[in-house]
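Student: Supplied in structure tokens, the structure appears directly below.
Protein chains: 2
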Amino acid sequence: MTERSSSPAARTVLQQCLQARLQVKPADEHSEAQFVQIDRGMVIYICFFKGATDEILPKMVSSLLNLRLCESDSGRMVSVVELPGSVLLVPQATLGGKNKGRAMQYHNNISKEDGLRLYHAFVSLCEKEVTAASAEVTVKHGTYGNRQVLKLDTNGPYTHLMEF
Amino acid sequence: MTERSSSPAARTVLQQCLQARLQVKPADEHSEAQFVQIDRGMVIYICFFKGATDEILPKMVSSLLNLRLCESDSGRMVSVVELPGSVLLVPQATLGGKNKGRAMQYHNNISKEDGLRLYHAFVSLCEKEVTAASAEVTVKHGTYGNRQVLKLDTNGPYTHLMEF
Chain A
122 MTERSSSPAA RTVLQQCLQA RLQVKPADEH SEAQFVQIDR GMVIYICFFK
172 GATDEILPKM VSSLLNLRLC ESDSGRMVSV VELPGSVLLV PQATLGGKNK
222 GRAMQYHNNI SKEDGLRLYH AFVSLCEKEV TAASAEVTVK HGTYGNRQVL
272 KLDTNGPYTH LMEF
Chain B
122 MTERSSSPAA RTVLQQCLQA RLQVKPADEH SEAQFVQIDR GMVIYICFFK
172 GATDEILPKM VSSLLNLRLC ESDSGRMVSV VELPGSVLLV PQATLGGKNK
222 GRAMQYHNNI SKEDGLRLYH AFVSLCEKEV TAASAEVTVK HGTYGNRQVL
272 KLDTNGPYTH LMEF
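So, in structure tokens, the structure goes:
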């Protein structure tokens, strides 16, 4: 077993889906709730820790989009870009939690301002890399800071953890 | 930031749900697919690593069931037992994956036989602890080794990682 010598700058959880729907704007007195939706593809939950910088983003995006995590119709493992599938990015600060007794604490999470900036840069980079790689793949994303009201339908979520 | 001095024996990912449905037996020529379902509560995805033993289970189960991860109707954070909610246990060996380049490898995962034994002991312990704590909470679980065909509906998955 390998030892981890330092804490990660970002934590992601990846789940495969047949369809995923995420609220991007809650209902208010003037309008109904708004949602984004993808069909077959991958949901990426993401959380940044204190100390994370823009420098980690290119490697992170390239790695996440090119990992062979998706099962093609012929049973071969391919990347979400190769599938081709869609990508749903879900900001998920809770992933940075650490328990102290029965309570969860989020002391290592990045500040809200820096997190928002990195999240937007991460989304842009994903969109750019995907557009360059395949016209058939789309990227959708949740609203940073919102409650991530999510509905997920899978043929096996095939959940993975990737830290950077 | 804290350093991790050793690899974990078990990795879990926790998601809150309004409803979750999991296939426990795929369809075959003789019968339709079978599913288990919970309403409001928590989904626990679980993976054991090489070296995991029964010794970690009591602390693990107690910790997972008593963490204050669930939002009560009054907005207070309570445990799934206190909610009271239901629990869906999903064996998820993919959580043990580590990438080598673009491919995922699972070299640190426990053997299938030991994993099956620990998973069954984990399920039993969860059922026992839940029964002792609340008559209103039920535990459902997936079939070890199966494809975990899952459908999830959330009011925010509030995803957490817990390692033991």
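Sequences listed follow chains A and B, in order. When the first sequence is numbered by our numbering, its final residue is 285 and no position is left out of the sequence of numbers. When the second sequence is numbered by our numbering, its final residue is 285 and no position is left out of the sequence of numbers. Heads up, the beta-carbon is just placed ideally off N, CA and C, and yes, glycines get one too. All values derive from a computational prediction rather than experimental measurement.
(1) Short of 6 angstroms in beta carbon distance, which residues of its chain neighbour G218(B), apart from the five on each side in sequence? Order them along the chain.
(2) For chain B, is any of its Cβ atoms less than 8 angstroms away from the one on R268(A)?
(3) Pull up the DSSP beta-bridge partners for D274(B), would you.
(4) Classify S200(B): buried if its beta carbon has 16 or more other beta carbons within 10 angstroms, exposed otherwise.
(5) So what does DSSP say about Y279(B), is it helix, strand or coil?
(6) Under a CB-based cut-off of 8 angstroms, is A224(B) close to chain A?
(7) Are three or more beta carbon pairs between the region 241–255 of chain B and the region 142–153 of chain B nearer than 8 angstroms?
(8) Run the CB neighbour count on Q155(A), radius 10 Å, all protein chains shown included, and call it buried at 16 or more, exposed below.
(9) On the three-state DSSP scale, how would you describe F169(A)?
(10) Please tell me whether L246(B) and L143(B) are closer than 8 angstroms, where the distance is taken between their beta carbons.
(11) Go ahead and label S207(B) buried or exposed: buried means 16 or more other beta carbons lie within 10 angstroms of its beta carbon, across all protein chains shown.
(12) I want to see whether chain A comes within less than 8 angstroms of R197(B), judged by CB atoms only; does it?
(13) V244(A) to R238(A), Cα distance in whole Å?
(14) At 7 angstroms on the CB atoms, spell out the chain A contacts of P278(B), in chain order.
(15) Rank I159(B), P147(B), F170(B), Q158(B) by C-alpha distance to the C-alpha of T133(B) and give the top, closest one.
(16) Can you have a look at Q158(B) and say buried or exposed, based on whether 16 or more other CB atoms are within 10 angstroms of its CB?
(17) Strictly by DSSP, which residues pair up with Q226(B)?
(18) Find the residues of chain A that neighbour Q213(B), judging by a C-beta separation of less than 7 angstroms, and give them in chain order.
(19) Does G236(B) get closer than 8 angstroms to chain A when you measure Cβ to Cβ?
(20) Find out if the Cβ-Cβ distance for the pair E284(B), A131(B) is shorter than 8 angstroms.
(21) Quick check: the Cα distance between E203(A) and N220(A), rounded to an integer number of angstroms?
(22) Rounded to whole angstroms, what is the Cα-Cα separation between S183(B) and S195(A)?
(23) Mind checking which residues open and close the beta strand (DSSP E) that includes L188(B)?
(24) So, is the C-beta of M283(A) closer than 8 angstroms to a C-beta in chain B?
(25) Helix, strand or coil for M122(B), going by three-state DSSP, please let me know.
(26) Hey, quick one: how far does the beta strand (DSSP E) through V208(A) stretch, first residue to last?
(27) If I follow the unbroken beta strand (DSSP E) through H262(A), where does it start and stop?
(28) Is the shortest distance between the beta-carbon of D194(A) and the beta-carbons of chain B less than 8 angstroms?
(29) Compare the C-alpha of L282(B) against each of S232(B), G266(B), L216(B) and name the closest.
(30) Starting from V201(A) and walking both ways along the beta strand (DSSP E), at which residues does that stretch end?
(31) Are any of the Cβ atoms in chain B nearer than 8 angstroms to that of Y265(A)?
(32) Which residue's Cα is closest to the Cα of T275(A): S127(A), Q136(A), M181(A), R189(A)?
Tutor: On the basis of the supplied data:
(1) Residue mapping note: residue 218(B) aligns to position 97 of the second sequence, counting from 1. Excluding positions up to five away in sequence, the list reads M225, Y227.
(2) Within the first sequence, the letter at position 147 stands for residue 268(A). Yes, contact with chain B.
(3) Start at 1 with the first residue of the second sequence, and residue 274(B) comes out as number 153. D274(B) is bridged to K272(A), Q140(B).
(4) By 1-based counting over the second sequence, the position of residue 200(B) is 79. Buried is the call here.
(5) Taking the second sequence and counting its residues from 1, the one referred to as residue 279(B) is at position 158. Coil.
(6) Walking along the second sequence from the start, residue 224(B) turns up at place 103. Output row for A224(B): interface = yes.
(7) no
(8) The sequence position of residue 155(A) within the first sequence is 34, counting from 1. It counts as exposed.
(9) As a working mapping, residue 169(A) is identified with position 48 in the first sequence. If DSSP states are grouped into helix, strand and coil, F169(A) belongs with the strands.
(10) As a position in the second sequence, residue 246(B) is number 125, starting the count at 1. As a position in the second sequence, residue 143(B) is number 22, starting the count at 1. Contact: no.
(11) Along the second sequence, read from residue 1 onward, the residue named residue 207(B) stands at position 86. Buried.
(12) One-based indexing of the second sequence puts residue 197(B) at position 76. No, because no Cβ of chain A sits closer than 8 angstroms to the Cβ of R197(B).
(13) The residue labelled residue 244(A) in the question sits at position 123 within the first sequence. The residue labelled residue 238(A) in the question sits at position 117 within the first sequence. C-alpha separation (whole angstroms): 10 angstroms.
(14) As a first step, residue 278(B) must be located in the second sequence, where it is residue number 157. Listed along chain A, the residues sitting closer than 7 angstroms to P278(B) by beta-carbon distance are Q269, L271.
(15) The residue you call residue 133(B) lines up with position 12 of the second sequence. Comparing C-alpha distances from T133(B) to each of I159(B), P147(B), F170(B), Q158(B) shows the shortest one belongs to F170(B).
(16) On the second sequence, position 37 is the one that residue 158(B) refers to. Label assigned to Q158(B): exposed.
(17) In the second sequence, the residue the question calls residue 226(B) occupies position 105. Beta-bridge analysis with DSSP links Q226(B) to K219(B).
(18) Looking up residue 213(B) in the second sequence gives position 92. Simply T280.
(19) By one-based count along the second sequence, residue 236(B) stands at place 115. No, G236(B) does not count as interfacial toward chain A.
(20) Mapped onto the second sequence, residue 284(B) falls at position 163. Mapped onto the second sequence, residue 131(B) falls at position 10. Taking 8 angstroms as the Cβ cut-off, E284(B) and A131(B) qualify as a contacting pair.
(21) Translated into the one-based positions of the first sequence, residue 203(A) becomes position 82. Translated into the one-based positions of the first sequence, residue 220(A) becomes position 99. Just so you know, the alpha carbons of E203(A) and N220(A) end up roughly 38 angstroms apart.
(22) The residue labelled residue 183(B) in the question sits at position 62 within the second sequence. The residue labelled residue 195(A) in the question sits at position 74 within the first sequence. When rounded, the distance between both Cα atoms is 42 angstroms.
(23) To locate residue 188(B), count along the second sequence from 1; it is residue 67. Taken as a continuous stretch (DSSP letters only), L188(B) belongs to no beta strand (DSSP E), as it is neither H nor E.
(24) Here residue 283(A) corresponds to residue number 162 of the first sequence, with the count starting at 1. It does: the Cβ of M283(A) has a partner Cβ on chain B nearer than 8 angstroms.
(25) Looking up residue 122(B) in the second sequence gives position 1. Because the pLDDT of M122(B) is 42, which lies under 50, any placement of that residue in the model is unreliable, and the question is left without a value.
(26) If you number the first sequence from 1, residue 208(A) lands on position 87. V208(A) -> beta strand (DSSP E) spans 207–212.
(27) To locate residue 262(A), count along the first sequence from 1; it is residue 141. From DSSP, the beta strand (DSSP E) with H262(A) extends over 260–262.
(28) Along the first sequence, one-based indexing puts residue 194(A) at 73. So, not an interface residue.
(29) In the second sequence, counting from the first residue as 1, residue 282(B) sits at position 161. L282(B) has its Cα closest to that of L216(B), out of S232(B), G266(B), L216(B).
(30) To locate residue 201(A), count along the first sequence from 1; it is residue 80. Neither: V201(A) is in no beta strand (DSSP E) and is coded neither H nor E.
(31) As a working mapping, residue 265(A) is identified with position 144 in the first sequence. Closer than 8 angstroms: no.
(32) Translated into the one-based positions of the first sequence, residue 275(A) becomes position 154. Comparing Cα-Cα distances from T275(A) to each of S127(A), Q136(A), M181(A), R189(A), the minimum goes to Q136(A).
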